[in-house]
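Protein chains in written order, with the working numbering: chain A, 98 to 272; chain B, 210 to 484.
Glycine included, every Cβ here is placed at the ideal spot set by N, Cα and C.
Right, dumping it as structure tokens:
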């Protein structure tokens with residue numbers, strides 16, 4: 098990162114090579130198309146590039162990167178909400194029903210659908226802990242929060258996932 | 210035997226083990242938990258993704274090359290920002306400079322009305338608040354900064370501290386006296402807050418603030434606090450009701466104005482980035 102600040106092109110390539118898969122994993126979501134995620138990743142890199150003077154060599158790099166990525170994702174979500182609120186729906190979408198089990202769906206896909214039911218703040222904490230491998234302290238930095246608040250969000254997310262899973266098991270057993 | 214005992218871990222115990230695993234920084238999940246997750250369908254569905262190795266995301270062709278090309282095209286050396294302490298000291302210096310100039314301009318009529326205890330306690334409370342706001346502004350300039358105490362708690366603690374100090378140390382007037390003529394103080398306070406607010410915003414924008422709303426509210430708080438300081442040392446009406454309602458009101462209005470300005474800036478930025 099320090100070499101990147103000194104305009105070393107190889108350092109920039111190395112960062113892009115190492116971090117783009119993590120950013121892609123963090124910014125992709127069930128409601129995003131692949132093209133949307135690609136746009137978000139590119140936008141995120143441009144923001145990182147513009148903000149690179151704010152990185153300090155004494156600080157960990159991942160919270161700095163993912164704080165920017167988090168806001169890129171939030172802005173993307175807000176932009177989509179604006180567009181959605183102005184679009185005229187030409188047909189009525191079906192009501193959301195109990196999650197149907199699709200053939201060939203992997204465990205990760207299935208859990209992804211449960212994760213999608215969590216509040217955004219809880220989901221991002223779970224994704225950061227898993228996708229980026231950051232510690233609680235680092236996730237707290239990236240989300241401008243405290244370690245206690247991150248722990249609480251992670252625990253609440255797991256409580257809700259356990260409940261959702263319990264309901265889903267009950268539903269399956271009944272059917 | 211030990212392995213058998215671990216394999217018989219109950220789901221509720223596995224839940225607790227996962228919670229404990231989340232509480233630790235990073236490391237390997239306990240062996241008993243892994244064994245239980247492997248053998249229990251419910252826990253496998255819930256936790257295998259968390260405990261297992263992360264699969265690298267499949268990237269579309271050419272994304273990394275495209276990003277690298279864009280970055281290389283505008284790659285110039287940059288000078289890193291100074292430390293949070295130095296940035297905060299800069300904000301405190303701006304605060305002190307504006308406060309001294311404005312109190313000198315309006316005259317220290319308020320300071321002359323206060324006794325030694327009031328003067329010392331109020332000065333300490335205002336300086337402490339200025340330092341906290343300066344640290345908050347400096348941290349917002351750098352993404353991923355440590356935040357041990359939420360900003361809302363700091364604002365709440367300052368508001369409660371200032372209200373308590375004023376309510377206890379200053380004499381109370383009757384309601385009609387409290388309401389009469391106070392608006393002039395608030396009006397002048399808001400006018401006073403604008404120039405230092407603009408200067409602090411200019412310096413804060415040299416970093417990379419991520420939330421415009423949060424930055425706007427914090428700059429508003431800093432500018433409002435500066436106004437409050439100037440009014441406290443210049444205004445000759447040193448009654449508790451007047452100080453809380455008309456002087457304290459400047460801080461509330463400045464924070465609100467800063468938040469709304471930040472929200473508006475955010476909307477403009479979103480519209481610009483609209484494809």
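Beta carbon proximity, residue 273 of chain B to chain A, threshold 8 Å: yes
How big is the Cα-Cα spacing for residue 324 of chain B and residue 430 of chain B? 27 Å
Which word fits residue 172 of chain A, buried or exposed, when buried means at least 16 other C-beta atoms lie within 10 angstroms of its C-beta? buried
Three-state secondary structure (DSSP) at residue 456 of chain B? helix
Please identify, using Cβ separations under 8 Å, the residues of the stretch 281-293 of chain B that lie next to chain A, in order along the chain. 281, 283, 284, 285, 286, 287, 288, 289, 290 and 292
Contact list for residue 388 of chain B against chain A, beta-carbon separation under 9 Å: Those do not exist, as residue 388 of chain B stays about 40 Å from chain A at its closest Cβ, beyond 9 Å.
Cutoff 8 Å: residue 160 of chain A Cβ touching any chain B Cβ: yes
Residue burial classification, residue 405 of chain B (beta-carbon count within 10 angstroms, cutoff 16): buried
So that I know if they touch, is there some Cβ in chain A lying closer than 8 Å to that of residue 366 of chain B? no
Short of 8 Å in beta carbon distance, which residues of its chain neighbour residue 174 of chain A, apart from the five on each side in sequence? Order them along the chain. 217
Can you tell me the Cα-Cα spacing of residue 377 of chain B and residue 252 of chain A, whole angstroms? 43 Å
Would you mind sorting residue 274 of chain B into buried or exposed? The rule is 16 or more other CB atoms within 10 Å of its CB. exposed
Range of the contiguous alpha helix (DSSP H) that encloses residue 315 of chain B: 293-315
Residue 289 of chain B to residue 103 of chain A, Cα distance in whole Å? 10 Å
Just to confirm, is the Cβ distance from residue 271 of chain B to residue 164 of chain A under 8 Å? no
Three or more C-beta pairs closer than 8 Å, one from the stretch 300-316 of chain B and one from the stretch 434-450 of chain B: is that the case here? yes
On the criterion of 16 or more Cβ atoms from any shown chain inside 10 Å, does residue 333 of chain B qualify as buried, or is it exposed? exposed
Expected contact under 8 Å - CB spacing of residue 419 of chain B and residue 150 of chain A to nearest Å: With 8 Å as the limit, residue 419 of chain B and residue 150 of chain A do not qualify as a contact, their Cβ atoms being about 15 Å apart.
Which same chain residues end up closer than 7 Å to residue 424 of chain B when comparing Cβ atoms and leaving out the 5 residues on each side of it in sequence? 349, 413, 418 and 471
Contact the stretch 456-464 of chain B vs the stretch 388-403 of chain B: 3+ CB pairs below 8 Å: yes
To the nearest angstrom, how far is it from the Cα of residue 339 of chain B to the Cα of residue 434 of chain B? 7 Å
Beta-carbon contacts of residue 137 of chain A that lie in its chain and below 7 Å, excluding the five residues immediately before and after: 124, 169, 170 and 173
In chain A, what lies closer than 7 Å to residue 354 of chain B by C-beta? 238
So, under 8 Å CB-CB, residue 238 of chain A and residue 160 of chain A are touching, yes? Tell me the CB distance rounded to an integer number of Å. 4 Å
Give every residue of the same chain whose Cβ lies closer than 7 Å to the Cβ of residue 327 of chain B, excluding the five residues on either side of it in the sequence, and list them in chain order. 378 and 379
With distances taken from CA atoms, which of B/458, B/447, B/451 and B/415 is nearest residue 299 of chain B? B/415
Neighbour list for residue 110 of chain A in chain B, Cβ cutoff strictly below 7 Å: 277
Name, please, each residue of chain A whose Cβ falls closer than 7 Å to the Cβ of residue 255 of chain B. 258, 259 and 262
For residue 341 of chain B, I'd like the list of residues in its chain whose CB is within less than 8 Å of its CB, leaving aside the five on either flank, ordered along the chain. 363 and 367
Is residue 174 of chain A close to chain B, meaning its C-beta is less than 8 Å from at least one C-beta of that chain? no
Straight-line Cα distance separating residue 219 of chain B from residue 122 of chain A: 32 Å
For residue 78 of chain A, go through chain B and note every residue whose CB falls closer than 7 Å to its CB, in chain order. As shown, chain A starts at 98 and ends at 272. That puts residue 78 of chain A outside it, with no answer to give.
Cutoff 6 Å; reference residue 258 of chain A; Cβ partners in own chain excluding five residues on either side: 211
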